[in-house]
Amino acid sequence: MDRPSPQGRGATKTRILGQMLLLAPAGRQTLMDSRWATTELAWTTFPESGWEEVSGYDVSMSPIRTYQVCNVQKPNQNNWLRTDFIPRKGVLRVYVELKFTVRDCASIPNIPGSCKETFNLFYYESDGDTATDASPQWRENPYVKVDTIAPDESFSKRQAARVTTKVRSFGPLSKAGFYLSFQDLGACMSLISVRVFFRKCSTTIANFAVFPETATGAEATSLVIAPGACVSNAMEVSVPLKLYCNGDGEWMVPVGSCTCISGYEPSADNTQCQACFPRTFKSKFGDGSCAPCPANSHTGARGASICPCQSGFHRADSDPPESVCTTIPSAPRNVISSVNETSLSLEWEEPEDTGGRSDLVYNVVCKKCLRDRSPCTRCDDNVDIAPRRLGLRQRKVVVRNLQAHTRYSFEVQAVNGVSGKKSVPPSFSTVNITTNQAAPSAVPTVHLMRSSADTLSLSWLPPDKPNGVILDYEIKYHERGKAMSHTVTSQHSSAKVEGLRAATPYVVQVRARTVAGYGRYSNPMDFSTSLHSDPQKSVQDQLPLIVGSASAGLVVIVALVVITVVFSPGVKVYIDPFTYEDPNDAVHEFAKEIDISCVKIEEVIGAGEFGEVCRGRLKQAGRREMVVAIKTLKAGYTERQRRDFLAEASIMGQFDHPNVIRLEGVLTRSCPVLIITEFMENGALDSFLRLNDGRFTMTQLVGMLRGIAAGMKYLSDLNYIHRDLAARNILVNSNLVCKVSDFGLSRFLDDTSADPTYTSSLGGKIPIRWTAPEAIAFRKFTTASDVWSYGIVMWEVVSYGERPYWDMSNQDVMTAVEQDYRLPPPMDCPMVLHQLMLECWMKERNLRPKFSRIVSALDKLLRNGACLKMVTRMCLISSLMSFLMRQGRTRPTNTRG
Numbered sequence: 001m002d003r004p005s006p007q008g009r010g011a012t013k014t015r016i017l018g019q020m021l022l023l024a025p026a027g028r029q030t031l032m033d034s035r036w037a038t039t040e041l042a043w044t045t046f047p048e049s050g051w052e053e054v055s056g057y058d059v060s061m062s063p064i065r066t067y068q069v070c071n072v073q074k075p076n077q078n079n080w081l082r083t084d085f086i087p088r089k090g091v092l093r094v095y096v097e098l099k100f101t102v103r104d105c106a107s108i109p110n111i112p113g114s115c116k117e118t119f120n121l122f123y124y125e126s127d128g129d130t131a132t133d134a135s136p137q138w139r140e141n142p143y144v145k146v147d148t149i150a151p152d153e154s155f156s157k158r159q160a161a162r163v164t165t166k167v168r169s170f171g172p173l174s175k176a177g178f179y180l181s182f183q184d185l186g187a188c189m190s191l192i193s194v195r196v197f198f199r200k201c202s203t204t205i206a207n208f209a210v211f212p213e214t215a216t217g218a219e220a221t222s223l224v225i226a227p228g229a230c231v232s233n234a235m236e237v238s239v240p241l242k243l244y245c246n247g248d249g250e251w252m253v254p255v256g257s258c259t260c261i262s263g264y265e266p267s268a269d270n271t272q273c274q275a276c277f278p279r280t281f282k283s284k285f286g287d288g289s290c291a292p293c294p295a296n297s298h299t300g301a302r303g304a305s306i307c308p309c310q311s312g313f314h315r316a317d318s319d320p321p322e323s324v325c326t327t328i329p330s331a332p333r334n335v336i337s338s339v340n341e342t343s344l345s346l347e348w349e350e351p352e353d354t355g356g357r358s359d360l361v362y363n364v365v366c367k368k369c370l371r372d373r374s375p376c377t378r379c380d381d382n383v384d385i386a387p388r389r390l391g392l393r394q395r396k397v398v399v400r401n402l403q404a405h406t407r408y409s410f411e412v413q414a415v416n417g418v419s420g421k422k423s424v425p426p427s428f429s430t431v432n433i434t435t436n437q438a439a440p441s442a443v444p445t446v447h448l449m450r451s452s453a454d455t456l457s458l459s460w461l462p463p464d465k466p467n468g469v470i471l472d473y474e475i476k477y478h479e480r481g482k483a484m485s486h487t488v489t490s491q492h493s494s495a496k497v498e499g500l501r502a503a504t505p506y507v508v509q510v511r512a513r514t515v516a517g518y519g520r521y522s523n524p525m526d527f528s529t530s531l532h533s534d535p536q537k538s539v540q541d542q543l544p545l546i547v548g549s550a551s552a553g554l555v556v557i558v559a560l561v562v563i564t565v566v567f568s569p570g571v572k573v574y575i576d577p578f579t580y581e582d583p584n585d586a587v588h589e590f591a592k593e594i595d596i597s598c599v600k601i602e603e604v605i606g607a608g609e610f611g612e613v614c615r616g617r618l619k620q621a622g623r624r625e626m627v628v629a630i631k632t633l634k635a636g637y638t639e640r641q642r643r644d645f646l647a648e649a650s651i652m653g654q655f656d657h658p659n660v661i662r663l664e665g666v667l668t669r670s671c672p673v674l675i676i677t678e679f680m681e682n683g684a685l686d687s688f689l690r691l692n693d694g695r696f697t698m699t700q701l702v703g704m705l706r707g708i709a710a711g712m713k714y715l716s717d718l719n720y721i722h723r724d725l726a727a728r729n730i731l732v733n734s735n736l737v738c739k740v741s742d743f744g745l746s747r748f749l750d751d752t753s754a755d756p757t758y759t760s761s762l763g764g765k766i767p768i769r770w771t772a773p774e775a776i777a778f779r780k781f782t783t784a785s786d787v788w789s790y791g792i793v794m795w796e797v798v799s800y801g802e803r804p805y806w807d808m809s810n811q812d813v814m815t816a817v818e819q820d821y822r823l824p825p826p827m828d829c830p831m832v833l834h835q836l837m838l839e840c841w842m843k844e845r846n847l848r849p850k851f852s853r854i855v856s857a858l859d860k861l862l863r864n865g866a867c868l869k870m871v872t873r874m875c876l877i878s879s880l881m882s883f884l885m886r887q888g889r890t891r892p893t894n895t896r897g
């Protein structure tokens, strides 16, 4: 017979339970029954002439002991009959079943007295069998009357005696036991039998829970709660487990339920949980039935919650127990390669056998093979496989940045969700190729390092794709507006073009040459010679030429170390990663490489310039697991984007300060490339302040500012310029510690000259509202320009993240600042803080305070809190009026009113 569906089984169980609770007979347990007596009952009577014990037979002719009384000829009868002591056994309410006959008074002739056809039932509670012939006294008090008992029908002398059965109950009982008493007031009757019992709810099973035998309550309407327990191999699914026992000894109102655990199914009567048979299983708890083992799996045991896979088959970690067991795919078919100089395209067909799974993906492994017989080794990280190396859904990739005239071996692996379950490697197909030669790519850009009346000193970066060893560079130049050009060559990435005309603009281009020929020229750049010669050359002038040498990486490091030691003894050396010939070397020197198995990405929390920003966890050997922030490099990146992305890690890796964001490490050998930093729970400072407007004390705000200033002092001591200091680039942790972050625009500052600056010649975007006027006008970035930005950050913090200069346009901001307008104090701003802001915004940068003095000033304010209570509103009014008069506006928009 087919098994019923889960819905059908549930409905059946409900019907069975309902029948069990409503139709099961009420349980009874006898405390005393006079029919069991085989000898005289010998109950106590008063007076002796009243009740009389008589032997007789019941309807089945079994001998019984009865009591009779018939003193109707005498008036004023008061005859008492008392049973032996009856133990209560803990019940609260008892029932008395009486079987008796009564003679019809009308059928008795010549009755001188008062004839009765009723008698009274009493009880007396006692903690022991202490009653005597005289105690308790034979009267209603101390006896408690239960009821006056009358027959259903009395009988006459000519009629057969008609037996009446009556049941009465009484309670609540509280003592150890009781006596029953019967009072005759002048009847002619026979007490055939007395049975004393109590009602109970018998042991039952409901909703796979066992409920014990339970006596009824003290009142006929009482409901007694019985706690339940799950049957074997069942578990609670809703609690508490209880049933109610009513006064009639019937179960009702089930509460809570149990269900069969995994590996067990309900029995046919839905009262037990029975184990699954061999070759069947049940993976989840509940009312479901055991099911046959999925394909390629088997179990010979009873009570199985899962069927193990047969040899050679597996389930992935994410596969449910109900899924079939699968195997690894076969190798990809018909791999086709096409070589184009140092690029390669690979295509293939899917395997003949996918292993029975739909999650098939492909990996492409690149190996470089030397000309000798040594084993092939993994390709360098600069080899670009697009769209990616691992987890490919499509069956085509393009490989770039291979070395010319080099033999490579490519493995195309087919993997699915169970490939990692076997100790053998995945199935793959191999293709071997040898690259051709390609000319180098274009030189990115050319920089003017110094000019004189007849000389231009130039430098440039090597091509992004040299495609071989660069033999030399060709520099082409001509006067602007003239067609005739000249060329010179250089063995290095820098050159000095001499013999030029003074105060004349020249157009310059550079290209690189390898054994395959010249690459493309760089974009034309305009440079002008000076009007007068300047024979003096500072160390700053010569340093970029050293940077452009053939051994740039090593020489620059040595040069920077020497310069730092000479001019700043005892100061930690910071090395600009952009001075490395291969920026990948800087990453590996300053950032720790982390294994991908140590990193777990949990959720995306934002987006950065190069990809997503995620929250995750880092667990390394010997260290506790920690929450970290993870920056990802989006797919389809170029090599330049990869280098720029990792450059920030090269910078952060050199910093170690409690108010500068800490780098945990990088993952450069994975896809995607990752940067791991400490996690800051409260995020960016500007949005954090806006969410908590007005919730901090001024001392807390100054404490935040002090932390930011301390971080900037540390950076400035390393001769480091941030260039983008703003509240949005300050991160806040759960302890309100602020840390400087986002070093994407930062650059190293050379302080060997008298006027250390960073000059941006790329014309990139500048954050106008935070940038010093000289940096906007002349691209001159110094530590003093960072101090200006810090003053804006102070204003943002005290105003709880308000936008600097409100809704003014960038052009209006530049005009106002040039006309000496400065931001007014925010609401409730202490006068000393606004004065410090104004010092940071001095037009002459040499007059601005150093970060060391800012830290010292904030420390004094924290020690002397009274200074933070001095707030002036006149400063706000005068500043606003001055600006409005200058601009001819009614007022600047201020979102804080």
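To convert, note that position 616 of the sequence shown is 616 in the UniProt record's numbering; the numbers rise steadily by one, no gaps. For glycine and all other residues, C-beta sits at the position ideal for the given N, C-alpha and C. Keep in mind it's a predicted model, so treat the numbers as computed, not measured.
Query, Result
"Cα-Cα separation between Met525 and Val507, rounded to whole angstroms", "5 Å"
"Reduced DSSP category for His722 - H, G, I as helix; E, B as strand; rest coil", "coil"
"Buried versus exposed call for Lys282 [16 or more other C-beta atoms within 10 Å across all chains shown]", "buried"
"Reduced DSSP secondary structure (H/G/I, E/B, other) of Gln819", "coil"
"Own chain, CB closer than 6 Å to Ser193, minus 5 neighbours either side, in chain order", "Ser34, Arg35, Lys99"
"Proximity of Gly801 and Leu689 at Cβ, strictly below 8 Å", "yes"
"C-alpha distance - Asn467 paired with Arg640, whole-angstrom precision", "15 Å"
"Pick from Val146, Asp152, Lys175, Asp184 that is closest to Tyr67, judged by C-alpha positions", "Asp184"
"Residue span of the alpha helix (DSSP H) that contains Val797, given as start and end", "783-798"
"C-alpha distance - Cys738 paired with Arg623, whole-angstrom precision", "25 Å"
"Range covered by the beta strand (DSSP E) that runs through Cys105", "Unbroken run through Cys105: none, as it is neither H nor E."
"Residues bridged to Ala495 (per DSSP)", "Leu458"
"Residue from Val497, Leu241, Ser62, Thr487 with nearest C-alpha to Ala453", "Val497"
"Member of Ser169, Pro151, Arg168, Phe170 whose CA lies at the smallest distance from the CA of Ala161", "Pro151"
"Best match in Arg769, Ala775, Phe778 for proximity to Asp807 [C-alpha to C-alpha]", "Arg769"
"Nearest-angstrom Cα separation, counted from Gly228 out to Ala209", "6 Å"
"Per-residue DSSP class, three states only, for Lys367", "strand"
"Heavy atom of the ligand GDP within 7 Å of Cys245 beta-carbon", "By its list of ligands, the structure shown contains no ligand whatsoever, and the ligand GDP lies outside what it can speak to."
"Sequence-distant residues of the same chain with beta carbon closer than 6 Å to Asn659, five excluded per side", "Gly707, Ala710, Gly711, Lys739"
"Reduced DSSP secondary structure (H/G/I, E/B, other) of Lys326", "The sequence given here has Thr at residue 326, not Lys. Of the three classes helix, strand and coil, the one that applies to Thr326 here is strand, per DSSP."
"Option nearest Thr430 by Cα separation, candidates Gln403, Cys366, Cys379", "Cys366"
"Exposed unless 16 or more other CB atoms sit within 10 angstroms - verdict on Gln509", "buried"
"Simplified DSSP assignment, three categories, for Arg389", "coil"
"8 Å Cβ cutoff met for Asn733 and Glu796", "no"
"For Arg738, the residue or residues it bridges with in DSSP", "Arg is not the amino acid found at residue 738; the sequence shown has Cys there. For Cys738, which the question treats as bridged, DSSP gives the partners Val732."
"Three-state secondary structure (DSSP) of Met712", "helix"
"Validate contact between the region 249-257 and the region 266-284 using beta carbons, cut 8 Å, 3 pairs", "no"
"Cα-Cα separation, Ser232 to Ala316", "32 Å"
"Chain-order list of residues whose beta-carbon lies under 6 Å from that of Arg28 (same chain, five-residue window excluded)", "Phe197, Arg199"
"Three-state class that DSSP yields for Met831 in the structure shown", "helix"
"Segment limits, beta strand (DSSP E) that includes residue 926", "Absent from the model: residue 926. The displayed extent of the chain is 1 to 897, so no value can be given."
"Beta-carbon gap between Ile799 and Pro826 smaller than 8 Å", "Note that residue 799 is Ser in the sequence shown here, rather than Ile. Against a cut-off of 8 Å, the Cβ pair of Pro826 and Ser799 comes out as a contact."
"Endpoints, alpha helix (DSSP H) assigned at Pro773", "773-778"
"Span separating the alpha-carbon of Lys860 from that of Glu844", "26 Å"
"Range of the contiguous alpha helix (DSSP H) that encloses Gln620", "Taken as a continuous stretch (DSSP letters only), Gln620 belongs to no alpha helix (DSSP H), as it is neither H nor E."
"The region 355-364 / the region 379-392 touching (three or more Cβ pairs under 8 Å)", "yes"
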